[in-house]
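Protein sequence lines correspond, in order, to chains U and X. Each residue of the first sequence is one higher than the last, beginning at 397 in this note's numbering. Each residue of the second sequence is one higher than the last, beginning at 50 in this note's numbering. Note that the Cβ used here is the ideal one computed from N, Cα and C, for glycine as well.
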Amino acid sequence: MDKIPGFDADVAGRPLIALKPESLYAYGDLIRRTEQLILTQFGRGLVSGTTHTCLGQELCQMAVVRALTQAEDVVLSNHRNHGHFLSYSGEFTGLVAEVMGREAGVCGGHGGSQHLAYRHFHSNGVQGGMSGIGVGLGLARKLDNSESIVVVMLGDGTLGQGLLYESLNLASIWDVPILFVVENNGIAQTTDTTSTIGGDIEARGRAFGLSTWRLDDANPLLFEQVEKVVEEVRHGHRPGFLVIDTKRLGPHSKGDDLRPDSEMQAIGQRDPLTALGQRLPEQTRLSIEELNQAFIQEIEAAATASPEACFADPPRHIFTCAAVEPECSETTPPAGQGENVRTHLNRALHHLLESSDKTIVLGEDLHDPYGGAFKVTAGLSSKFSGRVLSTPISEAGITGVTIGLSVAGYRPVMEVMFADFLTLCMDQLYNHAVKFPGVFRDVEVPLVIRAPSGGGRGYGPTHSQSPENIFTSVPGLTVVFGSHRHDVAGLLVNATTEWRYPVLFLEHKLLYGQIQDPGEFLPLDTNSDDVAAHLFPTLVRRRDRPDVTILTYGGMLPMVEKVAEYLEEEEELEVEIIVPALLSPLPKASLIAHLGDSTRLAIVEEAHDDFGVSAEILASLMETGYRGRAIRIGTPPVPISSARSLECQILPSEERIINEVVSLFN
Amino acid sequence: MPHPVYVPCVNINDDIVLIVDVTVSAGDTVKTGDMIAEVETDKAVIPVEAEQDGYVLKVLCDVEERVKVGAVMMWIGDSPDEPVPELVSKVPAEESSGKSSLQPTAKAQVLLDKHKLDAGQIPHQGERLTVRDIEAFIAGEGSTAAIVKAAQVDIQQGGEELLPGTPGSLRSLSAEEHGMVSTVTWHRDHAVAAYLEMTYDQQAWEDYAAAFAERHKFMLSPLLPLMAYRLVKLARDIPKINTTLVNGQKYLYDQVNLGFTVQVGETLYLTVVQQADAMDDRQFIDALGEVQRHAMAKKLRPDESIGATLGFSSMARWNVSRHVPVLAPYTALMVAHSAPPGDGQSAVLGASYDHRILSGNDVAGVLQALTQPPEV
């Protein structure tokens, strides 16, 4: 916290804003002046990108945040976050420098105006995107028996976003200590929200069973009223939904205010901050304003003096705390010989739940006696009651919860029932989970999402896909896909306990029943350039002088093994098989070292091979001067038909793989 | 009418079940609810019951067989002697992985490409052309498809012999050994081989070869290649010696492919210079040299080891004073050059010939001409 004239910090380092009018006015005025400074800097071309000021909404933004008295209370905000942030942190220089892209910025220039993370304050630029995460953070606090709460700041425009409703529902069924605050200023960017909001705003909160209030920031009793609301949520152990009517005095960002003058005048006349100032003795107000003016000038000077943010070493990936070879890692108790993949995974989950209270397993229909759609979680909910959660059908919401739990220090392992549904989680992964570790040094998101993947069962176009090619291209997402030759339990335990970044853990449906047995497969030597490779090893079935190498992964391996057998017997070929488990970040150095000299290479995947994993491997090889012949065998970019007889003509078949490999020899 | 009994779907995750028991057979009567079979999945043993009264027409599965869920396992008819329908699937049968008989294996294809061979020109032992077939072809001494085939029959016939009484061990023939057996077998079974020889003074040839060597700056005497070349030229003038017999008819070759024996280690190769008659002497010597080099390196190209129309053999290197060579398949004449028994003594020039084509007189004339180098 900056040395703010007239304000002290509490034990957690947050500004203490007393309930007295002079304090409230002083701080509100500071916020307004900061916003005005930022707009001025914007006009001077000194602001990086865009910004969204809270002019006119200062008191609304202050009211809830100042009422949070516990050190572990959380504030999640959105693009219009400056008032929240300043009330939470008192970091005026930090904010202005951040918006200006300077080293002294509170996030080092990485986040800019919208994306801030500071202790338990976190804002992000996707409408409603933090709401599920808030539920996760709140759930963690509930599990910790903490008195702290989570506040999620929303606008009335956010009420169009689906994820928000999933979050309200989740908060309700789990009784999460969370307060959703709708700052209702009647306008979403340039659109009047009377045309975008169906029905009643408060009724939304009530419909989900949340305690609901409606306040007005023009009411002089706003701050007391808000304090009461916060206390009710904290002590009542029910989630809340608070609507505060307010008005935006400034544009959405800059220059995009198309409201008529008459409306702007009315807003100006209503302005609660001005009204608050008017209620003070004039001398008091003037001296406050003078002090504030001087302070803001100091802030401006300090921020402007800070050099432009610069990478000492531009990052090649987000994995700064790459796992080192563990000296003694958690090991799963060995499973029996001759047990199938499903049993191994079940044991791994069992071990994870048993070895740490922080492990949470969540997903749809996991509880006993059903035990999950593919029975991977059978027996767990009975044994670990309260930590194996069957959720509503809310993939995006659950992903948010998983992110929140992991940020709060839990080890959530989420199950998505079919990998096809992972697309419902995409925004939470792409714009949230993988962004946090990359943007904010101190935020860790050690989550695991498991999903059964693949076809061959006739389940049809939306229950048969292998979507790894989409998710490997999400920067910062680790994608692991084991086979029945891999120690899948080891892979899952490593993903959960050893790797501190978001992991997508794919499992092929047809491998669940296969016996897990390495057979002739041995781990490939790792290369220290390959991030996380030792946690998720590549396997290889060697031949002395291979005529062709087939690379594959996941559920294709049994078919590839059959193909190799045929090729060796009928085509007199020596066939080497190489099977990575880590698809992203791809262990390029070790793969290239091994494949670089091969004369013929076939890569077989069940996913669409256009723009896929095989394409990435071949491109990497090409870059190092690969001179052999190579071919990709995958699924064409068409939906996977349901009839078994049609499905087997679309997915790679033994015949097609054999023919394609043999064609490498013509 | 016949009613199918389907392999039941017990749980969605199991595509295949095991037939544990079949309690009826064709001809039995069943009543609705009677157990007719038992199947086992990952999890449990489930009875299969008759869904109607009737007669078992046909049972399509066996105990201990793994069957696909949804397949027909049995037919039950309303009467005991109804025909059982054939189920016709419109799904194209999986592309047969049986290949046409000449389709080479992938590894064999690599070899074909490497040696620029055509699969069609290579005989194969099994259904498909294999690496072994190609290696045998490449190493084979002038074997053509027909010869190897013929020889195969001969060799196979030998399978009825008793093993010798003295202790020993059986081993298969190598490709080269195979080729040798094919050659001598053709000589025995097809040609009517006779032999002639005459003595001569080698001096004229030695002088001729020395002069040639000096003119062309050769280090070694090209005597034998020059003598072989003379034979090529003679063949142009006397087409009869460049002829063979096939199926009772004379086969007159359009070109002279000169076969020249080369011993490399334990292997005797008949190296071939194709179209030797189209070359001048220098070209021929160079071509022969190259072919011999390939033979030394055991890297003979197929066209360098097949198709001889005329042969030349020398054992002078080993001081052999007389040898009666085996005729290469489909040749009528193989000249045999030997070393003079001692200094200053006459050398012997001989020839094996196929008496079906050539007479002693023909051959004598050739040898006579051959004992003299060409007019300078």
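GLY775 of chain U and THR739 of chain U have their C-alpha atoms some 11 Å from each other. The Cβ of GLN421 of chain X sits no closer than 8 Å to any Cβ of chain U. Following the DSSP letters along the chain, one finds TYR278 of chain X inside the alpha helix (DSSP H) bounded by residues 272 to 286.
Boundaries of the alpha helix (DSSP H) harbouring THR232 of chain X: 224 to 238, taken from the DSSP string. For the set U:GLN466, U:LEU560, U:CYS450, the Cα lying nearest the Cα of SER509 of chain U is the one of U:CYS450. The residue from X:ARG264, X:THR316, X:ASP238, X:ALA418 with its alpha-carbon nearest to that of ARG405 of chain X is X:ASP238. Contact annotation: VAL69 of chain X and GLU87 of chain X have beta-carbon atoms nearer than 8 Å. Non-local C-beta neighbours of VAL105 of chain X in its own chain, meaning closer than 7 Å and more than five positions away in sequence, comprise VAL73, SER74, ALA75, GLY76, ASP77, VAL79, MET123, ILE125, ordered along the chain. For SER786 of chain U, the enclosing beta strand (DSSP E) stretches over residues 784 to 786. As summarised for the segment 385 to 415 of chain X, the continuous beta strand (DSSP E) elements at least 3 residues long and confined to that stretch are 396 to 403, given in chain order. Burial state of CYS58 of chain X is exposed, judged by a 10 Å Cβ sphere holding fewer than 16 other Cβ atoms. DSSP lists U:LEU575, U:SER607 as the beta-bridge partner residues of GLY636 of chain U. Contact note: VAL1058 of chain U reaches chain X through ALA155, using a C-beta cutoff of 7 Å and chain order. Among the residues of chain U, those whose CB is under 7 Å from the CB of GLN158 of chain X are PHE1061, ASN1062, following chain order.
For ARG220 of chain X, there is no enclosing alpha helix (DSSP H), as DSSP marks it with neither H nor E. PRO898 of chain U and LEU931 of chain U do not touch by the CB rule: their CB atoms are close to 14 Å apart, not below 8 Å.
Boundaries of the beta strand (DSSP E) around HIS518 of chain U: 517 to 519. Take the alpha-carbon of ALA792 of chain U and the one of THR819 of chain U: they are about 9 Å apart.
TRP895 of chain U carries a coil assignment under DSSP once its states are collapsed to helix, strand and coil. DSSP, read as helix, strand or coil, puts THR446 of chain U in coil.
Only those residues of the segment 157 to 179 of chain X whose C-beta falls short of 9 Å from the nearest C-beta of chain U are listed: ALA157, GLN158, VAL159, ASP162, ARG177, THR179. When only Cα atoms are considered, GLU760 of chain U and MET813 of chain U end up about 7 Å apart.
From the listed residues U:SER790, U:ASP1006, U:GLY734, U:GLN733, the smallest Cα separation to LEU758 of chain U is found for U:SER790. According to the DSSP assignment, TRP367 of chain X belongs to no beta strand (DSSP E), since it is labelled neither H nor E. Per the coordinates, the alpha-carbon of LEU1017 of chain U lies some 37 Å from the alpha-carbon of CYS503 of chain U. In this chain, the alpha helix (DSSP H) harbouring SER563 of chain U covers 558 to 570. When DSSP states are grouped into helix, strand and coil, HIS52 of chain X belongs to the strand group. By DSSP's assignment, GLY551 of chain U forms a beta bridge with U:GLU579. Annotation: PHE403 of chain U is outside any beta strand (DSSP E) and is labelled neither H nor E by DSSP. For GLU494 of chain U, the closest Cβ of chain X is not nearer than 8 Å. For the options U:VAL737, U:GLU1019, U:GLU961, the alpha carbon positioned closest to that of GLY909 of chain U is the one of U:VAL737. In terms of Cα proximity to GLN312 of chain X, the closest of X:VAL375, X:VAL94, X:PRO172, X:MET345 is X:MET345. The continuous alpha helix (DSSP H) containing THR739 of chain U extends over residues 737 to 751. When the beta-carbon positions are compared, VAL956 of chain U and THR948 of chain U come within less than 8 Å of each other. Of all residues in the segment 51 to 71 of chain X, only ILE61, ASN62, ASP63, ASP64 come within less than 9 Å of chain U when Cβ atoms are compared, listed by chain position. According to the DSSP assignment, PRO668 of chain U belongs to the alpha helix (DSSP H) that extends over 668 to 674.
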